[in-house]
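Comments concern the structure below.
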Amino acid sequence: MRAAGLFAGSIIVAFAVWQFLSTAVFNPFLIPPPLVVFKTMVPMVENGEIFKHVAISLARVGVGFSTGCAAAIVLGVVLGRLKLVNDLLDPIIELLRYLSPTAMIPIAVLWFGIGELSKFFLIFWGTFFIVLINTTAGVMRAPVIRQRAAECLGASPLQIFLLVVIPSAAPYIVTGMRIAMASSFMSIIPAE
53 MRAAGLFAGS IIVAFAVWQF LSTAVFNPFL IPPPLVVFKT MVPMVENGEI
103 FKHVAISLAR VGVGFSTGCA AAIVLGVVLG RLKLVNDLLD PIIELLRYLS
153 PTAMIPIAVL WFGIGELSKF FLIFWGTFFI VLINTTAGVM RAPVIRQRAA
203 ECLGASPLQI FLLVVIPSAA PYIVTGMRIA MASSFMSIIP AE
């Protein structure tokens, strides 16, 4: 009950701050008040137009996020397990990971045009590096003592990888995916 009350209270405070800022601080034409947004939204909900647009945006986020996570997890596992590959690719990754999806818009348009592929790429870009860094860190931090214990018990390298390293890295991977989900939703705005 307390959690529901806090949730409702935070929503009320957010709308109150929004109302105050849009009427007292900023021009209401730049930041419309909540009531104006609600009045504009109602007809879009009634005729179903908003649901179509939301579904398209969510599909774009889904494709970009899932492909970004898949590629990042595969490469992150390789980087975490093979030190030579990590040493070779780390400088390139460190250089590229700070480029925001917004900064990549001209490159995406040049490479993929103005169609769906460029939107997928921008969301992919906003997802990939976050999951990659977390996956690499998780694989590298898999406890050596567990790996040696599994080896002493006769586990093969594949079993050690699947039953020790990946479960140890899973919290890092999931954390990276959670952070990347927020980034992918932020990336859809400039992508569209």
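Residues in the sequence shown are numbered consecutively from 53, following the numbering used here. We treat Cβ as the ideally placed atom computed from N, Cα and C, and that holds for glycine. This structure is a prediction, so every number in the text was calculated from the model and none was measured.
Please name the residue in the options whose C-alpha comes closest to that of residue i.
{"i": "I197", "options": "V217, M229, K171 and I225", "result": "V217"}
{"i": "T187", "options": "G100, L205 and A122", "result": "A122"}
{"i": "I241", "options": "G178, V191 and S220", "result": "G178"}
{"i": "V69", "options": "S208, L141, R193 and P84", "result": "P84"}
{"i": "V183", "options": "I166, K135, Q71 and F117", "result": "F117"}
{"i": "A189", "options": "E101, H105 and P223", "result": "P223"}
What residue range is occupied by the uninterrupted alpha helix (DSSP H) comprising residue i?
{"i": "N138", "result": "K135 to L148"}
{"i": "G190", "result": "E168 to M192"}
{"i": "L87", "result": "P86 to E98"}
{"i": "L162", "result": "I157 to F164"}
{"i": "M238", "result": "I218 to A243"}
{"i": "V196", "result": "V196 to C204"}
{"i": "S208", "result": "No alpha helix (DSSP H) contains S208, which DSSP labels as neither H nor E."}
{"i": "V65", "result": "R54 to F72"}
Where residue i and residue j are concerned, what is the direct C-alpha to C-alpha distance, given to the nearest angstrom?
{"i": "R133", "j": "L82", "result": "50 angstroms"}
{"i": "P143", "j": "V129", "result": "17 angstroms"}
{"i": "D139", "j": "L110", "result": "36 angstroms"}
{"i": "S239", "j": "A232", "result": "10 angstroms"}
{"i": "M229", "j": "L136", "result": "26 angstroms"}
{"i": "L205", "j": "L147", "result": "42 angstroms"}
{"i": "A202", "j": "V226", "result": "24 angstroms"}
Hey, residue i and residue j: beta-carbon distance below 8 angstroms or not?
{"i": "F266", "j": "A124", "result": "What is shown of the chain runs 53 to 244, which leaves residue 266 out entirely."}
{"i": "S236", "j": "I175", "result": "yes"}
{"i": "S31", "j": "A160", "result": "Outside the shown range of the chain, which is 53 to 244, sits residue 31, and nothing can be said about it."}
field: Touching by the beta-carbon criterion (3+ pairs, under 8 angstroms), the region 145-152 and the region 202-217
entry: no
field: the region 85-103 touching the region 56-71, judged by at least three CB pairs closer than 8 angstroms
entry: yes
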